[in-house]
Amino acid sequence: MTTITIPASEPEVREPEGSPAGADQLAERLFTAVGRYDEVATEAGHLQALQGWWGEAYDAYREAAGRAGDEHDAMATTLRRVARAVAAYADDLRAHQATADDLLARKRDLDADRSGLVADINAITDATLQDIEVMRGRAADLRLAYRRLVEDHTDLQRAVRENEQRLRQAFEAGTSLRDALSATGGASDTAVEAMGRDGAPGSGASPSEVQRWWAGLSEAQQQAALAAYPSLLGQADGLPAGVRDEANRLLLDDDLATLASQRDDGTLSAEEERRLENAEQTRDALADADEFEDPTTGEQPGGRLWLYDPGAFDGDGRVAVAVGDLDTADDVAVSVPGITTEARDAVTGVSHAMNLYEATRFNGDDSSVATMFWLGYDTPEGPIDLDTITRGRAEDGGERLADAIDGLRASRPGDDAHLTVIGHSYGSTTTSYAATDHDLGADDVALIGSPGAGPADTADDFSPGEGHVWVGRNSRDAVAFFGDEGWLHTPGGLGIDPSSEDFDASRFEAESVERSTVRSLADHSRYYDHDSESLYNLGRIVDGQHDAVNGADQSYDPWWRWADDPEGEREPSGDVPGRSDTTQDQP
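If you use the UniProt record's numbering, the sequence shown corresponds to residues 1 to 587, in order.
(1) Leaving aside the five residues before and after P295 along the sequence, list all residues of the same chain whose C-beta is less than 7 Å from its C-beta, in chain order.
(2) Taking the alpha carbon of R139 as the reference point, which residue from Q157, R114, N122, L156 has its own alpha carbon closest?
(3) Report the CB separation of A205 from W213 in whole angstroms; it is logged as a contact under 8 Å.
(4) Thinking C-alpha only, which one of S463, N355, R344 is nearest S335?
(5) Which same chain residues, not among the five before or five after D565, have their C-beta less than 6 Å away from its C-beta?
(6) Spatial neighbours of V350 within its chain, please: C-beta separation below 6 Å, excluding the five flanking residues on both sides.
(7) Below 8 Å CB to CB, which residues in the same chain sit around D416 once its five sequence neighbours on both sides are set aside?
(8) What do you get for P201, buried or exposed, if any count of 16 or more other CB atoms within 10 angstroms of its CB means buried?
(9) List the DSSP bridge partners of S520.
(10) So is V150 buried or exposed if we call it buried at 16+ other beta carbons inside 10 Å?
(11) How many angstroms separate the CA atom of Q169 from the CA atom of S188?
(12) When the Cα atoms are used, what is the spatial distance from L440 to R108?
(13) Locate the alpha helix (DSSP H) running through V192, then write down its first and last residues.
(14) Below 7 Å between beta carbons: does that hold for L419 and V479?
(15) Out of A402, E342, E162, G414, which has the shortest C-alpha to C-alpha gap to P380?
(16) Run through DSSP, which three-state label would S506 get?
(17) CB-CB under 6 Å to S367, same chain, minus the five flanking residues each way: which ones, in chain order?
(18) According to DSSP, simplified to helix, strand and coil, what is V549?
(19) Can you check the segment 380-465 for any alpha helix (DSSP H) of at least 4 residues that lies completely inside it and give the ranges in chain order?
(20) Given this structure, state the Cα-to-Cα distance separating I4 from A119, to the nearest angstrom.
(21) Under 8 Å, with one C-beta from each stretch per pair, do the segment 234-253 and the segment 302-309 reach the 3-pair mark?
(22) Within this structure, are the beta carbons of residue 589 and D444 separated by less than 7 Å?
(23) Quick one: measure Cβ to Cβ for A227 and A88, integer angstroms, because I've assumed they're closer than 8 Å.
(24) Determine the burial state of L521: buried for a count of at least 16 other Cβ atoms within 10 Å of its Cβ, exposed for fewer.
(25) If I'm right that A435 touches F503 with Cβ under 8 Å, what's the distance once you round it to whole angstroms?
(26) If you follow the alpha helix (DSSP H) that G349 is part of, which residue opens it and which one closes it?
(27) For the candidate residues R304, Q222, T297, whose alpha-carbon lies nearest to that of N248?
(28) By alpha-carbon positions, which one of N278, T431, L326, A456 ends up nearest to S411?
(29) Taking the beta carbon of R81 as the centre, do at least 16 other beta carbons fall within 10 Å, making it buried, or is it exposed?
(30) Given that a residue counts as buried once 16 or more other Cβ atoms are within 10 Å of its Cβ, and exposed if not, what is H546?
(31) Take the Cβ of N278 as the centre, count every other Cβ of all protein chains shown within 10 Å, and call the residue buried at 16 or more, exposed below.
(32) Comparing C-alpha positions only, which one of A552, R84, A446, R161 sits nearest to F171?
(33) What is the rounded straight-line gap between the Cα of L181 and the Cα of A74?
(34) Going by DSSP, which residues form a beta bridge with F292?
(35) How is E366 classed by DSSP in three states: helix, strand or coil?
(36) Quick check: what's the CA-CA separation for D70 versus R36?
So this is what it looks like as structure tokens:
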């Protein structure tokens, strides 16, 4: 008698209980209450300095007002941590419910296969040895698939329990007034213990040490630290981009809820108003990144909020938003903007990042891609700003950029991406400082619309090495005209024109079919335009297809007059290979 053992249908998938939307509403109400405590703390500080009153009574009043302000500030900190924990719980619950839905779908498919196997076995009246082996093989495959489903279901239930435990701990950590007013109010013992370990963010640890610290934590410790200390983790170089994204989204939600409630009350200061504007622009830019679809697969690679500091640089803000998975992408590009760019320009910056992503994927080699708009330094305020024609902000920005790239590298030990840094406008000078003075850890560097290469005399001064320094210059770009080229052409003071033969970088075609007849600022803003020469070539550089880049002749200085740019005489191409509206070039 021949026996074929049919595996049992298991497990009974349990969906996580609870409402993410309801938790989000609770978090928003808590954030609103945080705003109230912040207002009292701020007002208490103002009321301490009363004019025309002195003596013992005034001293006692000042002490009481100061104590009240400190207590309300501490309560705001505790409540903010609890609110963030609730928001994190909602996000995790939403993800867990999505996982449960996937498990249910897998279970239905397996049960259908199981029923089909039973029916096929019952239908056979005179089975051959080959029939029996086939049926046993199908049964074995089903048994393995059910076992994996059971394991995944067990993992899900453990994650659900840990999520609920973290929320409970967050509530319990601030249940008494004494605990709420303590330095760790609202932070669980698990989070405090994790942050006390060697290599934790905020301890002065290097990006590599931070990476090892995170990898050494349990999942429960990681989630507890995220919920309690998102401001530290959101800016910690060396942490995976997904972790920074989760932390920064918590901070963003906090600002949107807290500051919006203060605006509704009419208590928002001018500084807070600007911070809220930056937060709202970041929200919109991140939504664009989340909704972006890969042009070749139709899938959504998702956005990553890699840096979020809306109050930095006197309200200009710092922000970095990526399109795609920075933790796994084969090709990573970091775009560094120039003059006048602030956090409130994040939507435009992310639009450029999306265009660059598309250009890299079209006619690409099927490598995965991530492109990031990085505004991590203080850009000059405008074309005639003193900072625009001096190098101080580029020097500071270059160091910050090099640190950011080091952080990206450290977050992926043993899994290096092909990494390209693209500096536009004053951002090219900033990138030059990073590559010349701080050993920028990029494989390729591209300077576009550059007013000067800063401290570099030639491309050989750059850290990427020979053949990996690229330059794109529209011949009508008014800003690129300020690069130095000989003793009769030294207008900008930001260094040599990197498109020149003296600098000797690899120049690529970057003319626009819409270019002006004279030098203009409009042409300075066309390097990321859809279907442009510049965008096509940038895509090839990011993809590592150097042989496919369309080269251009370098500009040169005849010494006795202004420099010549051969590209000015060439008619721009309106038929760019790989353009996104050319159907035959799409897969």
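Positions of the beta carbon are idealized from the N, C-alpha and C atoms, including for glycine.
As the structure is a prediction and not an experimental result, all values here were calculated from the model.
So, from the data block:
(1) E358, R361, F362, S580
(2) One detail in the question is off: residue 139 reads as Ala in this sequence, not Arg. Checking every option, the nearest Cα to that of A139 belongs to R114.
(3) 7 Å
(4) N355
(5) S475, S555
(6) A285, D288, A289, V321, F373
(7) R409
(8) buried
(9) D477
(10) exposed
(11) 6 Å
(12) 51 Å
(13) 189-195
(14) no
(15) E342
(16) strand
(17) D330, D331
(18) coil
(19) 392-410, 426-437
(20) 13 Å
(21) yes
(22) An answer regarding residue 589 cannot be provided, because it is not within the stretch 1 to 587 covered by the chain.
(23) 5 Å
(24) exposed
(25) Their Cβ separation, rounded to whole angstroms, is 13 Å, which puts A435 and F503 out of contact at 8 Å.
(26) 346-361
(27) R304
(28) L326
(29) buried
(30) exposed
(31) buried
(32) R84
(33) Low confidence applies to L181: its pLDDT is 45, below 50, so where it sits in the model is not reliable, and the reading given next is rough at best. Roughly 5 Å separates the two Cα atoms.
(34) In DSSP, F292 forms no bridge with anything.
(35) One point to set straight first is that residue 366 is Asp, not Glu, in the sequence displayed. Looking at D366 - three-state DSSP - the assignment turns out to be coil, as it is neither helix nor strand.
(36) 14 Å
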